[in-house]
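Take the working numbering: the final residue in the sequence shown is number 177, and no numbers are missing along the way. Cβ atoms here follow ideal geometry from the backbone N, Cα and C, with glycine treated the same way. All of these numbers come straight from a predicted model, not from anything done at the bench. Notes to accompany the following structure.
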Amino acid sequence: MSIKVVTLVHDIYEDLELWYPAIRLREEGVDVKLAGPEAGKTYKGKNGLPAKADISFDDLNAEEFDGVLIPGGYAPDKLRRNNKVTDFIKKMNDAVKPVGIICHAGWVAISAGILRDRKATSVGAIKDDMKNAGVQWIDEAVVQDKNLISSRTPADLHLYMKSYIEQLHNSK
6 MSIKVVTLVH
16 DIYEDLELWY
26 PAIRLREEGV
36 DVKLAGPEAG
46 KTYKGKNGLP
56 AKADISFDDL
66 NAEEFDGVLI
76 PGGYAPDKLR
86 RNNKVTDFIK
96 KMNDAVKPVG
106 IICHAGWVAI
116 SAGILRDRKA
126 TSVGAIKDDM
136 KNAGVQWIDE
146 AVVQDKNLIS
156 SRTPADLHLY
166 MKSYIEQLHN
176 SK
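This is how it looks when you write it as C-alpha cells:
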C-alpha cells in the first residue's frame, strides 16, 4: 500500500519543521512531495536550508494525497493568503485525511476555516489567533482532534511525528 503525503513550502519556513517530518515519513516508506508556489523552485528556510518544490500549489489535489503537513516559521503567513492552499486544506480536512500543523501553521488552518470547535495547540505567539478562531487551545506537545494533529515547536517534533504517522496508518 503506497502512502503519499504533501508538505507545503514557502520562503522562511522553519527548517526543522519541514525536514524532520519529511525524513521521518520517508523512513516509513511514505512518498513525500513538497508543494510550493512554483514547481521546481527552491525555497529557503529561516536557517537557510533549501527545499525544492516538486509540485506547485496549482497541482494540489486532495484525491491524490493521504495526508498533508504544514511547517511553521514565517511561511504560514504567506501560505494562508493563497486560496489554492486554503481550499486544499479544507478538502483534505473534509475527507478526514491527516492534517498536521506545527508552530505558526495554525494560521493556515485558521484561514482554511477548519479549526472552529476543535482542540489544538500551536506556538504560544499565535495562541490568541487560535482562540479567536474558535479553538480550544491546549498547551501540550501534541494535541490530536480526529484527523487534526497539532504541535507547538521543534522541541515537540519527535512526539508530533509519532502521532502523525500513527494517524496516517490508521486512516488508510
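By the 10 Å Cβ neighbour count, where 16 or more other Cβ atoms means buried, how is Thr47 classified, buried or exposed? In the sequence shown, the residue the question calls residue 47 occupies position 42. Counting Cβ neighbours within 10 Å, Thr47 comes out exposed, since fewer than 16 surround it.
Unbroken stretches of the beta strand (DSSP E), 3 residues or longer, contained in the segment 29 to 67: 36 to 41, 47 to 49 and 55 to 57
Burial state of Ser168, where buried means 16 or more other Cβ atoms lie within 10 Å: On the sequence shown, position 163 is the one that residue 168 refers to. By the 10 Å Cβ count, Ser168 comes out buried.
Measure the C-alpha to C-alpha separation of Ile170 and Ile115 and round it to an integer number of angstroms. As a first step, residue 170 must be located in the sequence shown, where it is residue number 165. As a first step, residue 115 must be located in the sequence shown, where it is residue number 110. The straight-line gap from Cα to Cα measures roughly 23 Å.
Straight-line Cα distance separating Pro81 from Asn175: As a first step, residue 175 is located in the sequence shown; it is residue number 170 there, counting from the start. As a first step, residue 81 is located in the sequence shown; it is residue number 76 there, counting from the start. Their Cα atoms are separated by approximately 27 Å.
Tell me whether His109 is buried or exposed, calling it buried when 16 or more other Cβ atoms sit within 10 Å of its Cβ. Sequence index remark: in the sequence shown, residue 109 carries index 104 (1-based). It counts as buried.
Hey, quick one: how far does the beta strand (DSSP E) through Asp150 stretch, first residue to last? Sequence index remark: in the sequence shown, residue 150 carries index 145 (1-based). Start and end: Val147 to Asp150.
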